[in-house]
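These notes are about the structure you will find just below.
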Amino acid sequence: QRPDLIFLDLVLPDISGFEVVEFLKMEENTKGIPIIVLTAKDITDEEKHLLNGKIEAAAQKGHYGKLDFLGEIKRVQRLAVSKKEEGLR
């Protein structure tokens with residue numbers, strides 16, 4: 006099944022999270038899935054540039070409270086609905 010939203014950690018055991026983002030955005034059937042990055046990694050300016058336009062949000066683990074996390078999910082949901090409505094016009 007195709008997920009509606011992907012939460013991704015950039016630090017993975019066998020592959021870079023950046024590679025996962027690139028792969029997901031290159032594939033036709035996954036490129037439209039919103040991605041929220043949750044990571045303990047300090048993201049450099051260069052890495053932010055690499056992710057720009059490919060993810061919906063990035064957050065440091067431990068710096069986000071439950072309400073912040075839920076707010077981010079709702080924001081992404083509103084954005085997805087808005088994009089879908091624009092595509093129907």
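Quick note on the working numbering: the sequence shown kicks off at 6 and runs consecutively. The beta carbon of each residue, even a glycine, is placed where N, CA and C say it ideally should be.
Inset, instruction - Compare the C-alpha of Lys36 against each of Lys71, Ala45, Leu10 and Thr49 and name the closest. - result: Looking up residue 36 in the sequence shown gives position 31. Checking every option, the nearest Cα to that of Lys36 belongs to Leu10.
Inset, instruction - To the nearest angstrom, report how far apart Ile78 and His54 are at their CA atoms. - result: By 1-based counting over the sequence shown, the position of residue 78 is 73. By 1-based counting over the sequence shown, the position of residue 54 is 49. The alpha-carbon atoms of Ile78 and His54 are separated by roughly 22 Å.
Inset, instruction - Return the CA-CA distance between Ala63 and Ile40, expressed in angstroms with no decimal places. - result: Stepping through the sequence shown from its first residue, residue 63 is reached at position 58. Stepping through the sequence shown from its first residue, residue 40 is reached at position 35. Distance from the CA of Ala63 to the CA of Ile40, rounded to the nearest whole angstrom, comes to 9 Å.
Inset, instruction - In the DSSP assignment, find the alpha helix (DSSP H) that holds Val26 and state where it starts and stops. - result: To locate residue 26, count along the sequence shown from 1; it is residue 21. Where Val26 is concerned, the enclosing alpha helix (DSSP H) stretches over Gly22 to Met31.
Inset, instruction - For Ile78, name the three-state secondary structure that DSSP assigns. - result: Walking along the sequence shown from the start, residue 78 turns up at place 73. Here Ile78 carries a helix assignment [DSSP, helix/strand/coil].
Legend entry - For Gln65, the residue or residues it bridges with in DSSP: On the sequence shown, position 60 is the one that residue 65 refers to. Paired residues: Thr44.
Legend entry - Closest by C-alpha distance to Glu32, when choosing among Arg7, Ala45, Ile20 and Leu43: Numbered from 1 along the sequence shown, position 27 holds the residue referred to as residue 32. Selected option, being the one with the closest Cα: Arg7.
Inset, instruction - Starting from Leu56, trace the alpha helix (DSSP H) both ways and give me its first and last residue. - result: On the sequence shown, residue 56 is found 51 positions in, with the first residue counted as 1. Asp50 to Leu56 is the extent of the alpha helix (DSSP H) around Leu56.
Legend entry - For Leu13, the first and last residue of its enclosing beta strand (DSSP E): To locate residue 13, count along the sequence shown from 1; it is residue 8. Leu13 -> beta strand (DSSP E) spans Ile11 to Leu13.
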